[in-house]
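Student:
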């Protein structure tokens with residue numbers, strides 16, 4: 001199994017993080033990627049650099065205006081006389097703007113709010129190169145998977161909270177959605193995206209909401225009490241041609257291995273019923289009970305059992321890294337997960 | 001002319017203010033109200049306490065769910081184990097939620113984001129009582145105006161950025177909209193709202209967007225480069241029965257007396273053409289060149305000339321305080337404005 005990784009992912013290192021009315025340490029740090037890379041190397045996995053992200057592939061998921069914003073944001077910000085060290089939005093367009101004929105404002109401060117969903121996606125000088133690098137790993141992994149293999153995209157920043165035209169929750173480009181679209185372009189007739197990050201993959205759901213060819217299933221903390229708050233409820237099932245191709249399995253605070261693995265089994269049964277040609281796995285370690293902002297309470301063994309259960313699908317699989325913020329444990333969890341996944345996938 | 005004022009307005013004193021990626025001093029402070037009150041007393045104006053705000057009147061502008069949120073917010077926040085000194089939202093629902101069947105989340109953190117438009121409306125223990133008191137001054141002023149008089153609502157926190165179901169930009173209850181609705185209820189067939197705060201009155205526009213009986217005119221800094229960023233462009237003219245009953249006159253950075261007064265004259269001509277029975281004036285002092293975050297460059301004399309021009313409408317007028325953040329100058333500007341307004345209104 002190839003691991004895709006690009007050192008430019010380390011160039012994004014924001015500090016601003018507002019939570020419950022307090023400024024806290026930003027948890028989505030470069031040492032997350034370093035810890036996962038070390039674990040991959042300790043497992044003896046081959047690590048390869050991806051090709052640069054194809055702009056045409058990016059445009060399959062994101063709007064041209066949003067991509068232009070991300071590309072130009074730091075330069076425009078740097079031209080302001082009076083500015084902070086990071087671009088942090090403080091106002092976002094609500095549903096009310098739909099009453100008018102609103103278009104993005106011309107100035108960079110307004111555009112920053114327009115193209116972001118929350119304050120948890122600051123933009124720095126290294127953000128766009130890092131987001132491009134992370135997207136490139138996901139696209140490279142998808143190319144491997146299109147050849148019938150399994151691959152791991154060591155993607156950072158993560159992607160599943162990024163919408164077609166909006167960053168959010170540490171995410172800028174939706175790596176998993178990009179991988180799924182790439183698989184479709186490479187000949188997979190049907191693709192499933194399984195998201196086991198503790199937070200609902202609201203961006204990914206939005207990308208595929210109306211699509212019948214890409215199934216989206218997510219096991220996550222109940223958004224009534226956990227980020228991303230507004231999306232990810234059980235009743236959200238897709239629309240139009242995508243009706244029934246979205247499956248949300250929210251879990252209550254403190255859900256343990258039994259609850260988490262039961263929801264996962266339900267998601268896997270639905271994916272089997274959908275009959276995909278390939279799988280994209282949005283893998284987060286934040287369901288772990290060892291997480292700094294733990295909402296779920298999954299054990300180390302739970303991650304191994306999840307890896308085995310997903311491996312038993314025996315699908316060409318692009319594993320795309322999402323969240324997980326405990327630097328001490330995430331390398332171990334990755335090894336446990338991948339070992340079990342690969343063993344189950346290889347079993348005859 | 002009666003001035004309405006309630007000391008509970010002083011109980012709201014948030015500190016969090018994020019601007020251009022920096023934490024700064026919050027400018028919407030209780031001493032703003034104290035400075036204006038001192039100016040009113042120095043002018044010899046009678047100051048009266050309003051009746052408590054009528055819940056039925058509040059529900060003419062705001063949704064029951066939003067009013068319940070404001071009423072209950074601090075109690076729910078105080079029950080959290082781990083929280084900051086002020087409620088500051090860090091995530092807001094974007095247009096994407098409309099793709100799902102989104103309803104407000106159950107938890108207070110998610111509801112905080114749901115019911116706010118930006119980070120500039122922190123909620124503290126004293127916020128709801130202060131917002132109620134400010135609304136009460138506007139309703140009391142409207143009652144005076146319904147009797148054919150002129151009144152000044154010394155309202156704080158301000159109101160014109162508050163939507164029917166969303167706080168924003170230092171505003172929680174839309175005092176000017178409440179006054180306009182009260183005037184309609186008290187028999188005014190047609191009401192005009194004129195907003196000369198430097199920031200577009202996005203909340204007020206939204207309240208009356210579809211209404212043909214309330215004309216909304218605003219003279220403000222160009223939202224392409226100034227808060228509230230997303231609404232307030234010239235092309236926004238209302239919709240349905242309200243088409244043509246919204247007039248936006250955005251001005252460029254640094255616009256001086258000549259430009260500002262010309263736009264004001266255009267707004268006044270439109271109001272005359274509309275033929276209202278009463279006027280609500282959203283009065284901000286932030287167009288002043290002496291403002292800490294100045295975008296426009298209006299002189300002291302400009303405010304006197306504006307007062308005279310508006311007074312010449314000779315309409316029963318509820319003057320409702322909005323923004324203005326220079327403590328040193330705002331009392332003087334209020335006196336200059338009111339003196340000229342009252343003289344012009346009284347002239348035969």
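Residue numbers (the working numbering), protein chains in the order written: chain A, 1 to 348; chain B, 1 to 348. We put the beta carbon where it would ideally sit given N, CA and C, even for glycine. Note that the structure is predicted; figures quoted are calculated from it, not measured.
What does residue 126(B) touch in chain A if you count any residue whose Cβ is under 7 Å from its own?
Tutor: Position 126 of the second chain, counted from the first residue, corresponds to residue 126(B). Within chain A, no residue comes near residue 126(B); the closest Cβ sits about 16 Å away, beyond 7 Å.
Student: Shortest alpha-carbon distance to residue 139(B) belongs to which of 186(B), 163(B), 86(B)?
Tutor: Reading the second chain from its first residue, position 139 is the one you call residue 139(B). If we check each option's Cα against that of residue 139(B), 186(B) comes out closest.
Student: Residues of chain A with CB closer than 8 Å to the CB of residue 83(B), please, in chain order.
Tutor: Numbered from 1 along the second chain, position 83 holds the residue referred to as residue 83(B). Per Cβ cutoff of 8 Å: 20, 21, 22.
Student: CB-CB under 6 Å to residue 201(B), same chain, minus the five flanking residues each way: which ones, in chain order?
Tutor: Walking along the second chain from the start, residue 201(B) turns up at place 201. The beta carbon of residue 201(B) sits closer than 6 Å to the beta carbons of 160, 195, 218, 282 from its chain, once the five residues preceding and following it are set aside; these are given in chain order.
Student: So is residue 68(A) in contact with chain B if we call contact Cβ pairs under 7 Å?
Tutor: For the purposes of this step, residue 68(A) is identified with residue 68 of the first chain, where counting begins at 1. No, no contact with chain B.
Student: Please confirm if residue 110(A) has its CB atom under 7 Å from at least one CB of chain B.
Tutor: In the first chain, the residue the question calls residue 110(A) occupies position 110. Judged by the 7 Å Cβ criterion, residue 110(A) is in contact with chain B.
Student: List the residues of chain B that residue 7(A) touches, going by C-beta distances under 8 Å, in chain order.
Tutor: On the first chain, position 7 is the one that residue 7(A) refers to. Going along chain B, no residue has its Cβ under 8 Å from residue 7(A), so there is no contact; the nearest lies around 26 Å.
Student: By the criterion of Cβ-Cβ separation under 8 Å, what are the contact partners of residue 88(B) in chain A?
Tutor: As a position in the second chain, residue 88(B) is number 88, starting the count at 1. Under a criterion of Cβ atoms nearer than 8 Å, the residues of chain A adjacent to residue 88(B) are, in order, 18, 21.
Student: Using Cβ-Cβ distances below 9 Å, what residues of the region 211 to 235 of chain B are close to chain A?
Tutor: 222, 223, 224, 225, 226, 227, 228, 229, 230, 231, 232, 233, 235
Student: Can you tell me where the alpha helix (DSSP H) with residue 231(A) in it begins and where it stops?
Tutor: Here residue 231(A) refers to the residue found at position 231 of the first chain. Where residue 231(A) is concerned, there is no enclosing alpha helix (DSSP H), given that its DSSP letter is neither H nor E.
Student: Could you give the distance in angstroms between the alpha-carbon of residue 162(A) and the alpha-carbon of residue 59(A)?
Tutor: Here residue 162(A) is taken as the residue at index 162 of the first chain, counted from 1. Here residue 59(A) is taken as the residue at index 59 of the first chain, counted from 1. Going by the C-alpha atoms only, they are around 13 Å apart.
Student: So who's on the other strand from residue 205(A), going by DSSP bridges?
Tutor: In the first chain, residue 205(A) corresponds to position 205, counting from 1. In the DSSP output, where bridge partners are listed per residue, residue 205(A) has none listed.
Student: Could you work out which residue in 302(A), 274(A), 213(A), 242(A) is closest to residue 184(A) when comparing CA atoms only?
Tutor: By one-based count along the first chain, residue 184(A) stands at place 184. The residue among 302(A), 274(A), 213(A), 242(A) with its C-alpha nearest the C-alpha of residue 184(A) is 213(A).
Student: If we define contact as Cβ-Cβ less than 7 Å, is residue 277(B) a contact residue for chain A?
Tutor: The residue you call residue 277(B) lines up with position 277 of the second chain. When Cβ-Cβ separations below 7 Å define contact, residue 277(B) makes no contact with chain A.
Student: Tell me which same chain residues have a C-beta within less than 7 Å of the C-beta of residue 275(B), skipping the five on either side of it?
Tutor: For this step, residue 275(B) is matched to residue 275 along the second chain. Excluding sequence neighbours, residue 275(B) sits near 190.
Student: Return the Cβ separation of residue 175(A) and residue 155(A) in integer angstroms, given the expectation that the two are a contact with Cβ distance under 8 Å.
Tutor: Indexing the first chain from 1 puts residue 175(A) at position 175. Indexing the first chain from 1 puts residue 155(A) at position 155. At roughly 5 Å, the Cβ-Cβ gap stays under 8 Å, so residue 175(A) and residue 155(A) are in contact.
Student: Less than 6 Å between C-beta atoms, sequence neighbours within five positions excluded: which residues of the same chain meet that for residue 150(A)?
Tutor: For the purposes of this step, residue 150(A) is identified with residue 150 of the first chain, where counting begins at 1. The answer, listed in chain order, is 1, 317.
Student: So, helix, strand or coil for residue 151(A), using DSSP?
Tutor: By one-based count along the first chain, residue 151(A) stands at place 151. If DSSP states are grouped into helix, strand and coil, residue 151(A) belongs with the strands.
Student: Candidates 204(B), 169(B), 141(B): which alpha carbon is nearest residue 182(B)'s?
Tutor: Residue numbering aside, residue 182(B) sits at position 182 when the second chain is read from its first letter. The shortest C-alpha to C-alpha distance from residue 182(B) to any of 204(B), 169(B), 141(B) is the one to 141(B).
Student: Show which residues of chain A have a CB atom less than 8 Å away from the CB atom of residue 114(B).
Tutor: Within the second chain, the letter at position 114 stands for residue 114(B). The answer, in chain order, is 229, 230.
Student: Give me whichever residues DSSP pairs with residue 319(A) in a beta bridge.
Tutor: To locate residue 319(A), count along the first chain from 1; it is residue 319. Per DSSP, 152(A), 281(A).
Student: On the three-state DSSP scale, how would you describe residue 6(B)?
Tutor: Taking the first residue of the second chain as position 1, residue 6(B) is located at position 6. Coil at residue 6(B), not helix or strand.
Student: Express the C-alpha separation of residue 192(B) and residue 119(B) in angstroms, rounding to a whole number.
Tutor: On the second chain, position 119 is the one that residue 119(B) refers to. On the second chain, position 192 is the one that residue 192(B) refers to. Rounded to whole angstroms, residue 119(B) to residue 192(B) spans 30 Å at the Cα level.
Student: Any Cβ of chain B within less than 7 Å of the Cβ of residue 242(A)?
Tutor: The residue given as residue 242(A) occupies position 242 in the first chain. Answer no: the Cβ-Cβ gap between residue 242(A) and chain B never drops below 7 Å.
Student: Among 76(A), 38(A), 143(A), which one has its Cα closest to the Cα of residue 125(A)?
Tutor: Position 125 of the first chain, counted from the first residue, corresponds to residue 125(A). Of the listed residues, the one whose Cα sits closest to residue 125(A) is 76(A).
Student: Using a Cβ-Cβ cut-off of 7 Å (strictly less than) and excluding sequence neighbours within five positions of residue 209(B), which residues of its own chain qualify?
Tutor: On the second chain, position 209 is the one that residue 209(B) refers to. Result list for residue 209(B): 238, 239, 242, 246, in chain order.
Student: Using only alpha-carbon positions, find the residue among 18(A), 5(A), 74(A), 27(A) that is nearest to residue 36(A).
Tutor: As a first step, residue 36(A) must be located in the first chain, where it is residue number 36. That would be 5(A), whose Cα lies nearest to the Cα of residue 36(A).
Student: Determine which residues of the region 295 to 321 of chain B have a Cβ less than 8 Å from any Cβ of chain A, and write them out in chain order.
Tutor: Taking 8 Å as the Cβ-Cβ cut-off against chain A, none of the residues of the region 295 to 321 of chain B qualify.
Student: Under the rule that 16 or more other beta-carbon atoms within 10 Å means buried, what is residue 143(B), buried or exposed?
Tutor: Mapped onto the second chain, residue 143(B) falls at position 143. Looking at its Cβ environment, which holds 16 or more other Cβ atoms inside 10 Å, residue 143(B) is buried.
Student: At what residue ranges does the region 33 to 72 of chain A contain a whole run of the alpha helix (DSSP H), taking only runs of 4 or more?
Tutor: 55 to 58
Student: Along the chain, where does the alpha helix (DSSP H) containing residue 246(A) start, and where does it finish?
Tutor: Reading the first chain from its first residue, position 246 is the one you call residue 246(A). Residue 246(A) -> not in any alpha helix (DSSP H); beta strand (DSSP E) instead, spanning 246 to 251.
Student: Closest to residue 27(B) by C-alpha separation, out of 47(B), 335(B), 328(B), would be which residue?
Tutor: In the second chain, counting from the first residue as 1, residue 27(B) sits at position 27. Per the Cα distances, 328(B).
Student: Give me, in chain order, the residues of the same chain whose beta-carbon lies closer than 8 Å to that of residue 179(A); leave out the 5 immediate sequence neighbours on both sides.
Tutor: Numbered from 1 along the first chain, position 179 holds the residue referred to as residue 179(A). Same-chain partners within the cutoff: 138, 139, 141, 142, 145, 153, 280, 318, 320.
Student: Counting only beta-carbon separations shorter than 7 Å, does residue 166(A) have a partner in chain B?
Tutor: Taking the first chain and counting its residues from 1, one reaches residue 166(A) at position 166. Residue 166(A) counts as touching chain B.
Student: Would you kindly work out how many angstroms separate the C-alpha atoms of residue 199(B) and residue 223(B), rounded to a whole number?
Tutor: Counting from one through the second chain, the residue named residue 199(B) turns up at place 199. Counting from one through the second chain, the residue named residue 223(B) turns up at place 223. For residue 199(B) and residue 223(B), the distance between alpha carbons rounds to 8 Å.
Student: One question on the structure: do residue 340(A) and residue 302(A) come within less than 7 Å of each other, judged by their Cβ atoms?
Tutor: Indexing the first chain from 1 puts residue 340(A) at position 340. Indexing the first chain from 1 puts residue 302(A) at position 302. Not closer than 7 Å, so no.
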